[in-house]
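Here the structure is laid out as structure tokens; the discussion comes afterwards.
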Amino acid sequence: MTDTAAVATPTDRRARFHTLREQAAASRQGFLALVNTQWVGEEQTIWGVPGTWAPRAAGESGLTVTATAADGVVVDGEVVDGTAVVRGKDDPQPSAVVFDEHTTGTVIRGEDGQYALRVWDAESEAVRGFGGIGVFDYDPDWVVTGTFTPNPAGTTVGFSHIKDDGATRELPVPGDIAVEIGGEQYRIAAFKDGNRLQLVFADATSGEETYGVGRFLFLAPNPDGTITLDFNYAVLPPCAFSYNFNCPMPPQQNRFPFRVEAGEQQVLGADGTPLHD
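Shown next, in the form of structure tokens:
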């Protein structure tokens, strides 16, 4: 039997990647389905869903929800009739919340230790109006090799986030990336994202052909100290799909003066126009 993955061309592989990205974006808890992220600092109601929500004791993951059976809130398969614990995504066994046949919830933890409820609607306006993700044609010239030099332990770079009113968060940067593009040398910063690196960048297409905040590229250093930047796999950040995400913005050294005509461009509505600027 022929291994189709082994004979697929780079263009084929990127096309498959693009198809999976579009499918994921419109899935039940895909980026387009997020309709609310509400931080819970005290006992309160949350827009769009039933129940009363409250923080747990310090050091305990998640939130509590108080509801009656008539509210129809289901936590981990059980209808809530009283008060239930909703464990956060930081817990080894995070809770699943169901409000109705198309509305679900998850709980996330912020860097300050506060928790928020995220509400997902598989029939949101954005899901129903989704037309696809615009993308540049595959271009092998945008597969660039750089060098990766590990940083001393504890090295961080300040990243601003779109909803943080100019404040910066110090995120760990495991190494320094040096790359030559268009005959010029650049040193860029990518922060740690699980077992990979996340490059947040903007370029001369940002705000024109591509989403204005910037784009992401996920990387992994090679064993020989090189690092491959395949900009054909540059992706739009979650906030390009829903304003209920808070995305990091490119630091100054990651704001390229040239055009990166590769990767994703814009989230498109059914009429072909950008969903967000």
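Residue numbers (our numbering): 1419 to 1695.
A virtual CB, placed ideally from N, CA and C, is assigned to each residue, including glycine.
Residue nearest to residue i in terms of C-alpha spacing, selected from the options
| i | options | result |
| --- | --- | --- |
| Ile1645 | Glu1627, Thr1565, His1694, Pro1592 | Thr1565 |
| Leu1647 | Gln1684, Leu1617, Gly1576, Thr1437 | Leu1617 |
| Thr1470 | Gly1552, Gln1456, Met1667, Ile1595 | Gln1456 |
| Gly1506 | Val1492, Glu1519, Val1491, Thr1524 | Thr1524 |
| Arg1431 | Asp1594, Tyr1661, Gln1684, Tyr1651 | Tyr1651 |
| Ile1580 | Ser1479, Ala1476, Met1667, Asp1489 | Met1667 |
| Ala1596 | Leu1452, Thr1691, Ile1606 | Ile1606 |
| Thr1563 | Val1497, Ser1445, Ile1599 | Ile1599 |
| Phe1609 | Gly1630, Asp1621, Gly1601, Val1575 | Val1575 |
| Val1545 | His1520, Gly1466, Pro1669, Phe1554 | His1520 |
| Asp1696 | Gly1687, Ala1433, Gly1459 | Any answer about residue 1696 is impossible in this case: the structure gives the chain only from 1419 up to 1695. |
| Asp1509 | Tyr1533, Phe1619, Phe1674, Phe1548 | Tyr1533 |
| Arg1474 | Val1467, Ala1487, Thr1486, Val1458 | Val1458 |
| Pro1570 | Gly1593, Trp1560, Glu1679 | Gly1593 |
| Gly1619 | Asn1613, Val1631, Asp1611 | Here residue 1619 is Phe; the residue named in the question, Gly, does not match the sequence. Checked all of Asn1613, Val1631, Asp1611; the closest Cα to Phe1619 is Val1631. |
Secondary structure of residue i, DSSP reduced to three states
| i | result |
| --- | --- |
| Gln1462 | strand |
| Asn1672 | helix |
| Leu1450 | helix |
| Gln1683 | strand |
| Phe1435 | helix |
| Gln1441 | helix |
| Asp1611 | strand |
| Asp1489 | helix |
| Pro1473 | strand |
| Asp1648 | strand |
| Thr1574 | strand |
| Pro1428 | helix |
| Val1483 | strand |
| Val1498 | coil |
| Ala1534 | strand |
| Val1467 | strand |
| Pro1656 | helix |
| Met1419 | Caution is warranted here: a pLDDT of 48 is assigned to Met1419, below 50, making its placement in the model unreliable, and the coordinate value is therefore given only provisionally. It is coil, neither helix nor strand. |
| Val1503 | strand |
| Val1545 | helix |
| Pro1641 | coil |
Integer Cβ distance of residue i from residue j, believed to fall under 8 Å
| i | j | result |
| --- | --- | --- |
| Thr1482 | Thr1501 | 5 Å |
| Glu1682 | Val1653 | 5 Å |
| Asn1662 | Val1453 | 7 Å |
Buried versus exposed, by CB contacts within 10 Å (16 or more), residue i
| i | result |
| --- | --- |
| Thr1628 | buried |
| Leu1438 | exposed |
| Pro1655 | buried |
| Arg1536 | buried |
| Arg1633 | buried |
| Met1419 | Residue placement at Met1419 is poorly supported in this model, since its pLDDT is 48, which falls under 50; the coordinates are not used for a value here. |
| Phe1435 | exposed |
| Asn1408 | Missing from the structure shown is residue 1408; the chain here goes from 1419 to 1695 and no further. |
| Asp1539 | buried |
Cβ of residue i within 8 Å of any chain C Cβ
| i | result |
| --- | --- |
| Val1503 | No chain C appears in this structure, which consists of one protein chain only. |
Residue i: CB within 7 Å of a non-hydrogen atom of the ligand MG
| i | result |
| --- | --- |
| Asn1454 | Because no ligand of any kind appears in the structure shown, any question about the ligand MG cannot be addressed here. |
(request) Would you be able to state if there are at least three C-beta pairs under 8 Å between the region 1518-1535 and the region 1631-1645? (result) Segments in contact, no.
(message) Across the region 1477-1494 and the region 1513-1524, are there enough close Cβ pairs to call them in contact, namely three or more that are closer than 8 Å?
(response) Enough Cβ pairs lie closer than 8 Å, so yes.
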